[in-house]
Ligand code: NAD
Ligand code: ZN
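In the numbering used here, the protein residues as written are 223 to 567.
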């Protein structure tokens, strides 16, 4: 089958690889109908997330069930499904506490042998282990493009917004207007903020942020913390959602909030080091939350919100490309010439 593989830092290639088949009794084989390229794939591309050469990329995908193991209860061949970007067993102590991303038996799709050795969704087929607690059926009448993002970036945007503790009338600062920041902006609106400032340096992304209810701030032209202070009588935002994963963005997210405020970080800090500002956090009585999304908890409610017409995640798609052109897709996404790319096999 055709698949996009990692070859080394800065190098990905579409290749012919063996078609996977189910091995475990809780596995499902999915024929991928749509995959997507994510900011987390760029961490791999740049060598900040380790990956073994030859491994198949892609952790955002939807498809049709092709084959099921004997212990799979929720799915049968022909079902349309969306997968979380990671697997969870559903019955360990942490899954039972509702923290599926802390599952003792988890694996991440498209991240190679260091993250569980699973296949990837930028391919024609992918095996989903522990399928009953990893996938959701796609509601009838919902397009692949509407459903795909509940498996990662819409859940992540919502998770970021929920953990920012936004109350009606609040001022929110979203740092980063990449796909995650845009879907955090979209999700934040469900919590009733009065104003949502969105900070980035790419005008095409800030334009989409504005369409989604955000107030754009181009950090190349205006100091974002000063702009938010000016707009809030010198106080700052009630909360911030960090959607980049760079030290400069974490710094903006911390400095943009008022005393007593909340910072919610979802950007992957794959290259962030340095001192944490303990004294500033303490003096301003700030709450700092960070983490990768507990996707399994959010897939069902977000599919319901999409089905009800209250969320339109497909609005952020800028490019629809073929899997054959995935190398070019990575190039233009990395160059920020594309906002969100979906790939069809
Ligand atoms: P992306 O790289 O497309 O977007 C990042 C955006 O941040 C870009 O538009 C860039 O111009 C902007 N930016 C860079 N520095 C900035 C700064 N100092 N201030 C403001 N904006 C700045 O990536 P994405 O797909 O939107 O993902 C964003 C981050 O979220 C990545 O780190 C990704 O790995 C992470 N992520 C986390 C989870 C999770 O579960 N927590 C899930 C998916 C993605
Ligand atoms: Zn992702």
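Even for Gly, the Cβ is constructed at its ideal location relative to N, Cα and C.
What you are looking at is a predicted structure, and each value in this text was computed from that prediction instead of being measured.
Cβ of residue i within 7 angstroms of any heavy atom in the ligand ZN?
i           : result
residue 266 : no
residue 293 : no
residue 409 : no
residue 281 : yes
Measuring only the C-alpha atoms, how far is residue i from residue j?
i           : j           : result
residue 555 : residue 565 : 12 angstroms
residue 458 : residue 558 : 29 angstroms
residue 264 : residue 347 : 22 angstroms
residue 481 : residue 471 : 19 angstroms
residue 516 : residue 301 : 24 angstroms
residue 310 : residue 271 : 21 angstroms
residue 254 : residue 405 : 23 angstroms
residue 352 : residue 536 : 27 angstroms
residue 355 : residue 250 : 11 angstroms
residue 349 : residue 323 : 19 angstroms
residue 370 : residue 413 : 23 angstroms
residue 428 : residue 418 : 12 angstroms
residue 225 : residue 279 : 8 angstroms
residue 333 : residue 266 : 8 angstroms
Since residue i contacts residue j with CB under 8 angstroms, what's their CB separation in whole angstroms?
i           : j           : result
residue 539 : residue 367 : 6 angstroms
residue 524 : residue 434 : Incorrect: roughly 16 angstroms between the Cβ atoms, too far for contact.
residue 235 : residue 549 : 7 angstroms
residue 461 : residue 483 : 5 angstroms
residue 357 : residue 297 : 7 angstroms
Within a Cβ cutoff of 7 angstroms, which residues of the same chain sit near residue i, ignoring the five residues on either side of it in sequence?
i           : result
residue 447 : 474, 477 and 478
residue 330 : 281, 307, 308, 337, 338 and 340
residue 529 : 361 and 364
Residue i: beta carbon under 7 angstroms from a heavy atom of the ligand NAD?
i           : result
residue 364 : no
residue 423 : yes
residue 311 : no
residue 401 : yes
Nearer than 7 angstroms: is that true of the beta carbon of residue i relative to any heavy atom of the ligand PLP?
i           : result
residue 538 : Absence of the ligand PLP from the depicted structure is noted, with the ligand NAD and the ligand ZN being the only ligands included.
Under 6 angstroms Cβ to Cβ from residue i, same chain only, skipping five residues before and after it: list those, please.
i           : result
residue 276 : 227
residue 567 : 254, 346 and 545
residue 408 : 434
Should the region 283-294 be called in touch with the region 337-355, which here means at least 3 C-beta pairs below 8 angstroms?
yes
Are the region 440-450 and the region 537-553 touching by the rule of at least three beta carbon pairs closer than 8 angstroms?
no
With a cut-off of 8 angstroms, do at least 3 Cβ pairs link the region 244-260 to the region 290-309?
A contact exists between the region 244-260 and the region 290-309.
For the region 499-507 and the region 316-328, state whether three or more C-beta atom pairs, one from each stretch, are separated by less than 8 angstroms.
no
If contact is defined by three or more beta carbon pairs under 8 angstroms, each pair taking one atom from either stretch, is the region 391-408 in contact with the region 417-434?
yes
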